[in-house]
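Protein chains in written order, with my numbering: chain X, 553 to 691; chain S, 553 to 691.
For glycine and all other residues, C-beta sits at the position ideal for the given N, C-alpha and C.
Nothing here was measured: the structure is a model prediction, and the numbers come from that model.
In what follows, a single structure is set out as structure tokens and then discussed.
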DNA sequence: GCTGGCGTTGACGTCGGCGGCAAGGTCTAC
DNA sequence: GTAGACCTTGCCGCCGACGTCAACGCCAGC
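Printed below as a string of structure tokens:
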């Protein structure tokens with residue numbers, strides 16, 4: 553099949569496919585007129601890429617999975633390198649989630665405080681302090 | 553004080569300050585030779601910006617806080633517009649965290665499955681399936 | 001007067017994953 | 001033969017928050 557059909561069947565665009573090829577991720581055969589030619593195996597590789605991308609994996613992170621499939625393994629994550637990517641992504645996600653959660657709690661606290669102060673200011677309250685408190689606590 | 557000193561005292565760079573000014577966020581007076589001239593109030597504004605930035609707020613999101621301080625309010629979050637930004641950021645964070653958590657759990661599950669299959673493959677296991685499962689479930 | 005350390009503006013580079021457009025080649029159908 | 005649907009390469013644009021020059025001006029000290 554050609555690039556347009558492959559893109560449609562994988563739910564992506566020809567632009568993305570050419571980009572993947574330029575990154576050496578999804579090589580393509582060429583037929584007589586220079587058109588790219590793909591088969592069902594390429595569709596498998598591409599679906600692996602797309603699935604990981606949908607999960608927030610970067611393109612480079614999908615490479616071990618693709619190479620694993622290309623090497624004839626039954627699944628993209630049948631190889632140790634893929635498992636390493638899983639583990640690294642897991643650690644990365646845990647870090648990001650933890651930091652975001654901390655920020656979320658801090659923002660929620662600041663919002664609650666500011667709302668209280670606003671309510672206290674209407675009847676006539678005391679003088680508050682300056683916005684969001686820096687990380688260090690004391691300046 | 554001039555731009556270099558302000559940058560040092562706020563823990564940022566002159567480049568960032570000029571950028572903020574170009575965005576209309578932190579205007580500067582000029583002295584005779586064309587140098588930017590700042591005072592302690594500017595330092596307060598800048599610290600407000602930096603604190604919010606450290607929490608992951610975009611520059612535009614800091615604008616209401618800065619304008620609130622410029623309007624003479626005691627804190628950057630003394631104004632309704634700032635509270636709206638808090639609330640929007642809170643909702644945004646909750647959405648992002650929820651999605652990341654879902655991805656995290658999915659990756660953890662895939663990792664566990666793949667590790668099991670790898671262990672089962674060494675002694676001689678059954679045939680597994682393909683990598684990470686797409687969102688839809690059935691294709 | 002000359003060095004060095006400040007400051008100025010302007011323009012381009014960064015990172016990722018493509019989108020969009022231009023200018024052309026190729027094949028099919030009518 | 002010609003419209004139109006596909007394909008090709010290549011290059012610029014985008015998003016945010018600056019970093020990194022380049023080329024220059026200003027001022028203090030020796």
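Closer than 9 Å to chain X by CB, residue i
i	result
residue 638/S	yes
residue 613/S	no
residue 622/S	no
residue 670/S	yes
residue 595/S	no
residue 610/S	no
residue 682/S	Because residue 682/S carries a pLDDT of 49, less than 50, the predicted location of this residue cannot be relied on, and no value is offered for it.
residue 577/S	no
residue 564/S	no
Paired residues, beta bridge with residue i - DSSP
i	result
residue 589/S	581/S
C-beta neighbour in chain S for residue i, strict 9 Å
i	result
residue 690/X	No answer about residue 690/X holds up, because its pLDDT of 35 lies below 50 and its placement is not dependable.
residue 572/X	no
residue 698/X	The structure shown does not extend to residue 698/X, since chain X spans only 553 to 691, so no value can be given for it.
residue 591/X	no
residue 553/X	no
residue 598/X	no
Where residue i meets chain X, residues with beta-carbon distance less than 8 Å
i	result
residue 647/S	The premise fails here: residue 647/S is roughly 11 Å from chain X at the closest Cβ pair, so nothing lies under 8 Å.
residue 694/S	It is not possible to answer for residue 694/S, since the shown part of chain S is limited to 553 through 691.
residue 567/S	Under the 8 Å cutoff, chain X gives no residues; its nearest Cβ is about 21 Å from residue 567/S.
Start-to-end residues for the alpha helix (DSSP H) that takes in residue i
i	result
residue 556/X	555 to 562
residue 567/S	566 to 574
residue 620/S	611 to 622
Chain-ordered neighbours of residue i on chain S, where CB pairs are closer than 8 Å
i	result
residue 662/X	629 and 638
The ligand MN heavy atom lying under 8 Å from the CB of residue i
i	result
residue 651/X	This structure lacks the ligand MN, and indeed carries no ligand of any kind.
Under 9 Å by beta carbon: chain S residues contacting residue i
i	result
residue 642/X	656, 659, 660 and 663
residue 605/X	Within 9 Å Cβ-Cβ: nothing; residue 605/X doesn't reach chain S, min ~11 Å.
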